[in-house]
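Sequential numbering from -14 applies to the sequence shown in the working numbering.
Beta carbons are placed, not taken as given, at the ideal position from N, Cα and C, and that holds for glycine.
Here the structure comes first, spelled out in structure tokens, and everything after it is commentary.
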Amino acid sequence: MSQLDSQIAVVTGAGRGAGEAIARKLAAMGAHVLLVARDGGSLERVRQKIQGAGGQATSLPCDLQDPAAVAQLGERVAREFRRCDILVNNAAVGLEGRPLHELAPEEWDRVFNTNLRGPYLMMRALAPLMIQARSGHIINISSLAGRNPLPNGAAYAASKWGLNGLTYSVAEELRPYGIRVSVIAPGSINTDFMDHQGQGARSGKDPAKKLQPDDVAGVVATLVTQAPQAFISEVLMRPTQKP
Ligand code: NAP
-14 MSQLDSQIAV VTGAGRGAGE AIARKLAAMG AHVLLVARDG GSLERVRQKI QGAGGQATSL
46 PCDLQDPAAV AQLGERVARE FRRCDILVNN AAVGLEGRPL HELAPEEWDR VFNTNLRGPY
106 LMMRALAPLM IQARSGHIIN ISSLAGRNPL PNGAAYAASK WGLNGLTYSV AEELRPYGIR
166 VSVIAPGSIN TDFMDHQGQG ARSGKDPAKK LQPDDVAGVV ATLVTQAPQA FISEVLMRPT
226 QKP
């Protein structure tokens, strides 16, 4: 029997990058993974990879910026799957690097609505299922940019500083129900995401020295298989050598 057999795991941003690696890892551990992102095509590609490896996954395309769509997603999970054991809030967007005073309000809203309000809406939609079961794991993927100043990326950094505060507070709200809410804060990961300088793959950083998506997935696997009495609430991850 696999470690996560009969568990339902929801992973946002599962269409590529770290989210894809997390989804594939949880499926390999036996969970039925519900894949969330806007682009149904990328979710379908990941679903087929999981299925090809003998795992179970379902694509649930959804724009996390849309509160009604997230509420509908929660209703569908309750109706069709009746439980949610694991929620990984991984989806996020970055920014072209520029000083805050040059940032348009629409860009600020896009970053905050995805990176901070998105996890709130997902927890609002799915935490009741965990409370009902009196167990569950919620893992929010933050960033070292949520611990440090990030010149030319202030809105992104603020969204991740906010996500940390949200995580610590909700963790205390849900602890009495046996639900663990944790945050993982990685440094540069080798994905197509805009990195901390807002340049993504164009940054000139050595991709081999960056954290790899599977490194993040490995930490998620550790968090969801802790002994019942243990609660790793926060993990900071850095590349061993600066990329
Ligand atoms: P990525 O490769 O750009 O993937 C982001 C995922 O989020 C995609 O599947 C994207 O799919 C989804 N997404 C974006 N906006 C969405 C929305 N409105 N609704 C639903 N899904 C949405 O990113 P990554 O590098 O894997 O990053 C994963 C996490 O790690 C993020 O939280 C990021 O902040 C964090 N992180 C990344 C780095 C890094 O260097 N890459 C460093 C530290 C922390 P669609 O576009 O199809 O919606």
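Got a sec? Which residues, its chain only, sit under 7 angstroms from residue i by beta carbon, not counting five neighbours each side?
i: G183; result: With a pLDDT of 46 at G183, under the threshold of 50, the modelled position of this residue cannot be trusted, and the question is left open.
i: Q(-12); result: M14, G15 and T210
i: L88; result: A140
i: N98; result: Q50
i: L28; result: A(-1), G0, L20, A22, S44 and P46
i: C69; result: I(-7), V(-5), V62, L111, L114, M115 and G121
From residue i to residue j, what does the alpha carbon distance come to, in whole angstroms?
i: L45; j: E65; result: 12 angstroms
i: A212; j: G103; result: 29 angstroms
i: A140; j: G147; result: 10 angstroms
i: C47; j: H86; result: 31 angstroms
i: A(-6); j: R132; result: 27 angstroms
i: G0; j: Q33; result: 11 angstroms
i: A56; j: E92; result: 24 angstroms
i: R95; j: S144; result: 11 angstroms
i: T232; j: L58; result: The requested residue 232 does not occur in the structure, where the chain is confined to residues -14 to 228.
Considering only the beta carbon of each residue, do residue i and residue j sit closer than 8 angstroms?
i: L208; j: P171; result: no
i: V205; j: I35; result: no
i: V31; j: L49; result: no
i: N175; j: N125; result: no
i: A77; j: G(-2); result: yes
i: D177; j: G2; result: yes
Beta carbon of residue i: closer than 7 angstroms to some heavy atom of ligand 1?
i: A206; result: no
i: I123; result: no
i: G2; result: yes
i: Q50; result: yes
i: I35; result: no
i: P171; result: yes
i: N75; result: yes
i: T176; result: yes
i: C69; result: no
i: D24; result: yes
i: A(-1); result: yes
i: S154; result: no
Skipping 5 residues on each side, what residues in its chain have a beta carbon closer than 6 angstroms to that of residue i?
i: H122; result: I71, R165 and V209
i: N149; result: S127, G131 and V168
i: I232; result: Lying outside -14 to 228, the shown extent of the chain, residue 232 is not represented and no answer is given.
So, do the region 129 to 136 and the region 104 to 121 have three or more beta carbon pairs nearer to each other than 8 angstroms?
-> Because the criterion of three Cβ pairs below 8 angstroms is not met, the region 129 to 136 and the region 104 to 121 do not touch.
Evaluate the contact criterion for the region 199 to 209 versus the region 147 to 162: three or more CB pairs, one atom per stretch, below 8 angstroms.
-> Because the criterion of three Cβ pairs below 8 angstroms is not met, the region 199 to 209 and the region 147 to 162 do not touch.
Stretch-stretch touch, CB-based, cutoff 8 angstroms, three pairs: the region 10 to 19 with the region 27 to 44 | Short answer: they touch.
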